[in-house]
Amino acid sequence: MKDTPSPATSQLPPADAPPAAAAGGPAARRPREKRARRTVLLADRIADRVITVGGILVIVAVLGILVFLVTETLPLFRSGQMTGERRYTLPEPAGQTLGLGLDEYKTLAYALSADGRLQVFHARSGRLLTSGRLDLGSAPVTAQAHTIDRTQWAFGFADGTVRFADARFETTILSPQDLPTGLTPLGDGDATDGHAVFSAIPGDQYRQVTFRMELEAPVAVGDAQRAIAAMAYTASGQAERSVRTLATVDGDDRVALIQTASRTNLMTGERRTTVNRIQLPPLPAPIEVFGVRLTAKADTLLVADRSGAVFRYNLTDLQHPVLAESARVMPPRARLTAFDFLLGSRSLLVAGSNGALALYFLLERNDFRTVDGQSLVQARTFTAGGTAVHFFAPSLRDKSFATIDGTGRLEVRHGTSRKQLADFPTGLPLEGFRELVLAPRVDGVMALQADGRVVFYEFDVPHPETTFATLFQKVWYEGYAEPGYTWQSSAATDDYEAKLSLVPLIFGSFKAAFYSMLFAVPIAILGAVYTSEFVHRRLRGVIKPTMEMMASLPSVVLGFVAALVLAPVVETWIAAVLLAFVGLPLALMLGAYLWQLLPLHLANRLKGIPKFALMLLSVLLAAWATRALGPFFEELFFHGDFRAWLNGDVGGAAPFLFLLLLPLCALAVSILQQRFLAGLRQRPAGGLEALPRALGELGLWLLRAALTFLLAAGLAHLLAALGADARGGLVGTYVQRNTLVVGFAMGFAVIPIIYTIAEDALNAVPEHLRAASLGCGATLWQTALYVVLPTAASGVFSAVMIGMGRAVGETMIVVMAAGNTPILDWNIFNGLRALSATIAVELPEAVKDGTLYRVLFLAGLVLFAMTFVINTVAEIVRQRFRRRATQL
Amino acid sequence: MTGGRRAVNLEARGEPFLWGMGGALSLGVLMILGFVLLIVWNGLITFYPKPLRVVHLKDGTRLAGEPTRAETYKPPAQRLESLSPEERDRMRERGGLAHRTLYRIGNYDFYNEDFRWVSDYQVERWEAPREMVFVERVEWGPFVGVVQALTLGDTTLTGEAALGERLHAAQAQAARRRARIRRIERGEIGAINHRMEKSRLTLRGVALKAGEDSAAYRQALARGEAQAAELDAAYARLAAEAAALKSEDARYTITLADINGREKVQALSEIVRIYPANALNLFQRMGVYASRWWEFLSAEPREANTEGGVLPAIFGTFVMTLLMALAVAPFGVMAALYLREYARQGRLVSAVRICVNNLAGVPSIVYGVFGLGFFAYIVGAGIDRIFYPERLPNPTFGTGGLLWASLTLALLTVPVVIVATEEALAAVPQSLREGSLACGASKWQTIKYIVLPKALPGIMTGLILAMARGAGEVAPLMLVGVVKLAPELPIDAYFPFLHLERSFMHLGFHIFDVGFQSRNSEAGKPMVFVTTLLLITLVVLLNATAIFIRNRLKRKYYVGHF
């Protein structure tokens, strides 16, 4: 809008045009134009356009925040999209398949048949790269097992021997000059030299992926005559010193655990393997073994029967392995069709011929009747398509898994969120399928048929683990005893699952806001009423701007003072702080009744600043008294140690209930008095002098106070006898950075806002209303209570709402003083974790476009929405109030 | 009413309620007063040199330190059992409470702690020897002890001679040497590094544009190599000079000993300040006080921000706030002009107005989220791809920085400016506009010559209040570019002088960082108080300026126009 350095500025022509035109005559030599100059019009038009477009743009930009936040969070809720479907047939039929594998980048795949044939092929085109034969010996393979990442395999033979194999994809990054010449293109930007696959990657580099599989010599692990029927395998340790644990079930249902420890001698390169065989307790009845699974730490072994019985061995103590549990995971007559661990081997997925698909957790709980106190518990079921699920491939990254059901449909689901990530009807018969593998990055799934046909789907699911339910509803995570709301976004281990429930954070925000409003609203509103109605104009001219200035105090300062100064003080003087909630009102009331003893003329003369000074003094006195009485109070109420009392170590429930009941009882007593004993005061109409009446009032108040205390004490003991206890609910374990401190600090932050807006609203009540009320003989107090407050109520309400909006979104105070523990409890002495604090702490570390990143954006959106709603309500109420106030 | 004939209706006076309300107000006032006093007092006394004490404990050990604060606390039960019976009785008399003092014992390189609590019942006696010195060092925090000897080149002084004028002169000289070494290492060698990096980037840019086989690349390569040789020579020269200075510097040392006689030889140039705390007169104390304030305001931070100055933070706050004001003023005023003067007033506009009002109440962290996601990751990454491909994958604008922080805060404060400007525009009487239009002025002329000048005080107030809010915000900055220690200031001598993409330091974040993230929050606490005092002063000054300008412009325009 500054782009009109108009020559028009020098003339303002229309303004002086009329007189010049009127003068006419010889003075006006050149004829005055009556039209506006073109430059003026041009400037006007430009300004018009610029301001309109610019203004709308600014407003749109500001509102665009909302749109941006929404677009950033929407991918969280998207399900998968297929990005490619490939079908091809391998040159040689797979027959009885032992294994299928796919590399991380979906370039190479291999298929291993029972006769040892190994075909390595390009995953996207199906072009065979190498084909070889592993020498598996003469005995037929009767069982196979592999680690979850399919890099280590074990094959069990009919002669009771086991052979280990190592299958690895190797990836190297090459610069263009290192690229071999004479490559054959494979399509999709890939090329091969007949052995490895080379793919162009960003940054002008190439990635070389090769595959090799090495078979070790046979190891005899059991009787030579017993074929191994089923196996489970886990490996740990480094290459030089590896420990492999193998569980076998042989034809006679004998279960054994075999540990082989290999050590490579660093000097000679010689490799020595020791085999340790542990015979496990026998199974209770002969079974038709379906599968065996070992956990990654090899501390639990599961043996599944086709009928759906699962036998669990606890192997924590290898000297004394126990058969800890026999559980049924299928209804009678249903047969087990799939059985495996998900990543982390703490969730067991089972599928049955009745179409059931369910997830079991191994949990430890006191009420379990098993030998080791653990039990398999069904955590959730999945809605399968009605037909039984037969193949099952877990993901290497998260809790996803792929399945093939009876109609040949290939599905990928997430085990925690139950989100269906992909659904591909292959159109192939179930009977033909031999193997299924999920790409390590959960972006592809490959299935192999007996005749060598391969289906390979690529898909893209940005955030498999989040749904509306995982974000806002109870989720049962593995390792937890029951479903709950959990926020835990990161941990040290790899197979860790991020738990991203926004509920504890929203709760935290509201908890902080609630307690701070509890502290701020009375002070701000009462203070505003007093300032607007009762305080001397001069004093008001000081207090109001001071309060306004406090509104712009940086919250980081408040957070710092709260956490490093206030929190230790409150911790040391916690009893005195509690006492202050009782002592302060008592002191003020006492001050009021003593003031009434003053002769009226004196009271009238002193009612300005001296009275306010007296009030200040009584607050200070009360503070001093509570500090002095704090230890005594703690001794009396909490056995001298409040924190021990909070932990439930000492003392009963009654003292704290008494404190809680005090305000309620005070209210009850004053209502009772109004109801039934009102006559007590009004009877001597005009008979008594001012002083005796005031003394009477004082006595009455003391009586009332005593009654309140008695009532509260009685009720508290009654409730305590009935078993009520605030511990574990409103109060509990004390931590230094707690909600009480946050309440104080945040209250301090919102008091000026509520105070200023409320005071403005009260001030906007037209003066003639007050004049009329006072003129009718009402006192100032009656006018304030019955005339001013009701008129300004909506304005005061909107002040509270705006304060609330600020408290919900306040960041630095909760980051610094709240302890940041994401828990759901109302304990005022415990910490909290607010939405805003979580964003501030975790977003800088979150990977762009990752799940945490988007969830934090969603947290921002929720915060935005909450404050926007609160503020809108406040704004609408305020506008209505304004309209009404001007009409009055 | 004095007659007492008429009923004195005490209930109608509502005195208890009045006291309740007055009490609430006085509590609020007291809280504010207490808060301000706390900040101001702690901020002001931090730099005042305190006397040093040597404390003899009952267990026979000694410690020396600066008493920082004292408090009453409740000793844990197992501690009570270790006391003698009469002491236990005395403590029981005091309600189980004990008194203790926090000593800043310094000598972190010896003790691995800076502070130590000493309870009164542990103390045998204490004294304040005059020879104790408080030494502020560049590294390891302060040293508390005595001066054993002073080595100046070939001469060694001991005893009284080691203190006094000679020491001060030598120390001043050493400080100059340190400054010179620093200038060489940071300034001149930094300039060489800068040119090397620039030449590398130019080469990479040519490679990206023309390819590595092109003639242009070979040419650039040759040029780059020539320049590199030249720079290497300059570097070697400077490095030699610095090494010479350093070896000269190593000849000037001071030997210090702690209270238990452990000696420490310290290069003089590593000493920031040394003073005999118990032998200072008021004038000397004020000198130390003033020099500490000057260091605070004019130096860079040391020791993980817990010592030294906050100049980069002051600078960052200032530049960011200024940029924010530059961004927010035109846009805010434009939007308000549109809403008030151009848009047809109706339901839509009043809905928009409510929205804009509400946006002023949206939590600042939400703006930070937007700033990071939109400005840094989308706009910034786009700028990087187009203008700085040679620096990728290191982001230039694609991460938090000064520009994005300013724009984020501008977005945060634009509703404040819009609302204030709108109110100011609405307060300009309609008759003025009508008068101007009736005289034949165009709409823009009316706005430019009549409405805007009249509304200017209000607009300025809104703008300054927005700046006050922006200067104190920390939460969004944590996401869009503020760092605990910025290696370079956003303004320097290299083209284009103002580096909008750099991360920066901020007073508010400095408070958060020193108070919460540093090794020892106790050591940082005094510093935090001073920084807080500075930040609050800044915010209050801005607010006061807003009020001042409002009043002044109001007067001026009332007189000047009508």
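If you read the protein sequences in the order shown, they are chains Y and Z. Here my numbering is used: the first residue of the first sequence is 1, the next is one more, and so on. Here my numbering is used: the first residue of the second sequence is 889, the next is one more, and so on. For each residue, glycine too, the CB sits at the ideal point set by N, CA and C. Bear in mind the structure is a predicted one, so any value in this text is a computation, not a measurement.
Sequence-distant Cβ neighbours of P218 (chain Y) in its own chain, meaning closer than 8 angstroms and more than five residues away, are G137, F157, T161, V162 and R163.
Put simply, the CB of P522 (chain Y) is near chain Z, with a gap under 8 angstroms to one of its CB atoms. About 20 angstroms separates the beta carbons of Y936 (chain Z) and R1190 (chain Z), which is beyond the 8 angstroms limit, so they are not a contact pair. Comparing alpha-carbon positions, the option among Y:G386, Y:V377 and Y:D340 lying closest to A356 (chain Y) turns out to be Y:G386. Closer than 8 angstroms to the CB of N1431 (chain Z) there is at least one CB belonging to chain Y. V943 (chain Z) and W1014 (chain Z) do touch by the CB rule: their CB atoms are close to 4 angstroms apart, below 8 angstroms. Secondary structure at I404 (chain Y): strand, using DSSP grouped into helix, strand and coil. With 16 or more other Cβ atoms from the protein chains shown falling within 10 Å of its own Cβ, Q1059 (chain Z) counts as buried. Within the stretch 1251-1264 of chain Z, the residues whose Cβ lies closer than 9 angstroms to some Cβ of chain Y are P1251, S1252, I1253, V1254, Y1255, G1256, V1257, F1258, L1260, G1261 and F1262, listed in chain order.
Scanning its chain for C-beta atoms nearer than 6 angstroms, with the 5 sequence neighbours on each side dropped, one finds around S516 (chain Y) the residues G743, M746, G747 and A807, in chain order. Neighbourhood of S836 (chain Y) in chain Z, by CB distance below 9 angstroms: P1251, S1252, I1253, V1254 and A1363, in chain order. Not a single CB atom of chain Z sits nearer than 8 angstroms to the CB of V455 (chain Y). Considering only Z:I1142, Z:E1136 and Z:E1076, the residue with the shortest C-alpha distance to D1120 (chain Z) is Z:E1076. Chain order gives no chain Z residues near D649 (chain Y), where near means a beta carbon separation below 9 angstroms; the closest approach is about 12 angstroms. Restricting attention to beta strand (DSSP E) runs no shorter than 3 residues, the stretch 170-249 of chain Y encloses them at 184-187, 190-192, 197-201, 205-215 and 228-237, ordered along the chain. Following the DSSP letters along the chain, one finds N276 (chain Y) in no alpha helix (DSSP H) but inside the beta strand (DSSP E) bounded by residues R271 to Q279. Under the three-state reduction of DSSP output, N827 (chain Y) falls in the coil class, being neither helix nor strand. Ranked by Cα distance from T381 (chain Y), the first of Y:G373, Y:H414, Y:L471 and Y:V577 is Y:H414. In the DSSP assignment, A498 (chain Y) falls outside any alpha helix (DSSP H) and carries neither an H nor an E. With a threshold of 16 other beta carbon atoms within 10 Å, R1273 (chain Z) falls short and is exposed. Less than 8 angstroms divides the Cβ of R150 (chain Y) from the Cβ of G101 (chain Y). One finds L564 in chain Y with Cβ atoms closer than 7 angstroms to the Cβ of K1413 (chain Z), taken in chain order.
The beta-carbon separation of Y233 (chain Y) and L283 (chain Y), rounded to 20 angstroms, does not stay under the 8 angstroms limit for a contact.
Annotated as proximal: L428 (chain Y) and G408 (chain Y), with beta-carbon spacing under 8 angstroms. Proximity of W781 (chain Y) to chain Z, defined by a Cβ-Cβ separation below 8 angstroms, is satisfied. When C-alpha distances from M919 (chain Z) are compared across Y:V561, Y:E635 and Y:D641, the shortest belongs to Y:V561. Proximity to V529 (chain Y) across Y:T872, Y:A885, Y:V788 and Y:R880 peaks at Y:V788, based on C-alpha coordinates. Taking 9 angstroms as the Cβ-Cβ cut-off, the stretch 522-541 of chain Y approaches chain Z at P522, I523, A524, I525, L526, G527, A528, V529, Y530, T531, E533, F534 and V535, given in chain order. Judged by DSSP secondary structure, T1194 (chain Z) falls outside any beta strand (DSSP E); it is assigned neither H nor E.
S972 (chain Z) counts as exposed, since fewer than 16 other C-beta atoms from the protein chains shown sit within 10 angstroms of its C-beta.
Within the stretch 1418-1430 of chain Z, contact with chain Y at the beta-carbon level (separation under 7 angstroms) is assigned to T1420, L1423, I1424, V1427 and V1428.
Within chain Y, the residues placing a beta-carbon under 8 angstroms from that of M1222 (chain Z) are M1, V50, I51, G54, G55 and V58, ordered along the chain. In this structure, the alpha-carbon of R117 (chain Y) lies about 34 angstroms from that of P176 (chain Y).
For D159 (chain Y), no beta strand (DSSP E) run applies, since DSSP gives it neither H nor E.
Runs of the beta strand (DSSP E) lying entirely within the stretch 413-494 of chain Y, each at least 3 residues long, are 420-425, 433-438, 444-449 and 453-460 in chain order.
Residue contact check for R880 (chain Y) against chain Z: no CB pair falls below 8 angstroms.
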